[in-house]
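Please read the structure below before turning to the comments.
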Amino acid sequence: MTALKGANVLVTGGSRGIGKALVEELYARGAGTVYATARDPRTVTHPDAVPVALEVTDPASVAAAAERAQDITVLINNAGASVAASFLGSPVDDVRREFETNFYGPLLVTRAFVPVIERNGGGHLLNVHSVLSWLALGGSYSASKAALWSQTNSLRLELKPRGITVTGLHVGYVDTDLAAGVDAPKSDPRHIAALALDGIETDAHEVLADDISRQVKVGLAGDLAGLYPDLAK
Numbered sequence: 104m105t106a107l108k109g110a111n112v113l114v115t116g117g118s119r120g121i122g123k124a125l126v127e128e129l130y131a132r133g134a135g136t137v138y139a140t141a142r143d144p145r146t147v148t149h150p151d152a153v154p155v156a157l158e159v160t161d162p163a164s165v166a167a168a169a170e171r172a173q174d175i176t177v178l179i180n181n182a183g184a185s186v187a188a189s190f191l192g193s194p195v196d197d198v199r200r201e202f203e204t205n206f207y208g209p210l211l212v213t214r215a216f217v218p219v220i221e222r223n224g225g226g227h228l229l230n231v232h233s234v235l236s237w238l239a240l241g242g243s244y245s246a247s248k249a250a251l252w253s254q255t256n257s258l259r260l261e262l263k264p265r266g267i268t269v270t271g272l273h274v275g276y277v278d279t280d281l282a283a284g285v286d287a288p289k290s291d292p293r294h295i296a297a298l299a300l301d302g303i304e305t306d307a308h309e310v311l312a313d314d315i316s317r318q319v320k321v322g323l324a325g326d327l328a329g330l331y332p333d334l335a336k
């Protein structure tokens, strides 16, 4: 089991939304030092968090963050972006930009911090996915999150012998800036953060944080028309 009390943790995208809630919940559980990253570290508002400038798509920025946070044993890849580009109607550069942030960004960060976590005796990696990892309603966003889900599954196998446990968090709409324009029920980010950290502390492979994530996961075993009603017409 992964103990968060006293643990040093880095949270990407830690200035708002789920990331901000994760920082707050980590300190509530007695974490040691929590590094909260943002493109502009001045947007990190938690009084105890250590703000770290990070652009996850920039290798130099990632390397600098890893040099700054040499004492962590838990890494939370939360930072992401939503362009939701159409594969046929949007510029290919928009699709590529979403993959750079949502797939290659977490990979760059993970590769930079795995040696750090290993040197500190092992630990935990949490990747924040989306129910749209399994449901293709968001164009490039869904595809990038599906790719991250596959990355997480591969990393789980690669990192186990190195003493690092991997958890994937799946969640539907959350009451954050990212979903501000969505007219649908939304989860409280504080509730999602608590479930995510429960998953870390119990070494869960996956955390399905809401009803829609659980329903869609079950639906993957059925006919595609169950997930995409238009295919049944």
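Count along the sequence shown from 1, add 103, and you get the number used in our numbering.
All C-beta atoms, glycine included, are put in the ideal place defined by N, C-alpha and C.
This structure is a prediction, so every number in the text was calculated from the model and none was measured.
Distance from the CA atom of GLN318 to the CA atom of LEU238, rounded to whole angstroms, is 11 Å. Comparing C-alpha distances from VAL219 to each of THR204, ALA169 and ASN230 shows the shortest one belongs to ALA169.
Taking the Cα of ASN205 as reference, the smallest distance to any Cα among HIS294, VAL186 and GLU304 is reached at VAL186. DSSP places LEU113 in the uninterrupted beta strand (DSSP E) bounded by 112-114. In this structure, DSSP gives VAL198 a helical state, which the three-state scheme calls helix.
Secondary structure within the region 289-317: the alpha helix (DSSP H) runs of 4 or more consecutive residues, fully enclosed, are 292-304 (chain order). At least 8 Å separates the beta-carbon of GLU201 from that of SER164.
The criterion of a C-beta distance shorter than 8 Å is not satisfied by ALA299 and LEU251. Here VAL186 carries a coil assignment [DSSP, helix/strand/coil]. Annotation for VAL177: ALA110, VAL112, GLY226 and HIS227 place their beta carbon closer than 6 Å to its own, counting only its chain and skipping 5 residues before and after.
Each of THR115, THR146, GLN254 and ALA152 was checked against the Cα of GLY133, and the nearest Cα belongs to ALA152.
With distances taken between CA atoms, ASP306 lies nearest to THR270 out of SER118, PRO144 and THR270. For the pair VAL126 and ALA139, the CB atoms are nearer than the 8 Å cut-off. The three-state secondary structure of THR204, taken from DSSP, is helix.
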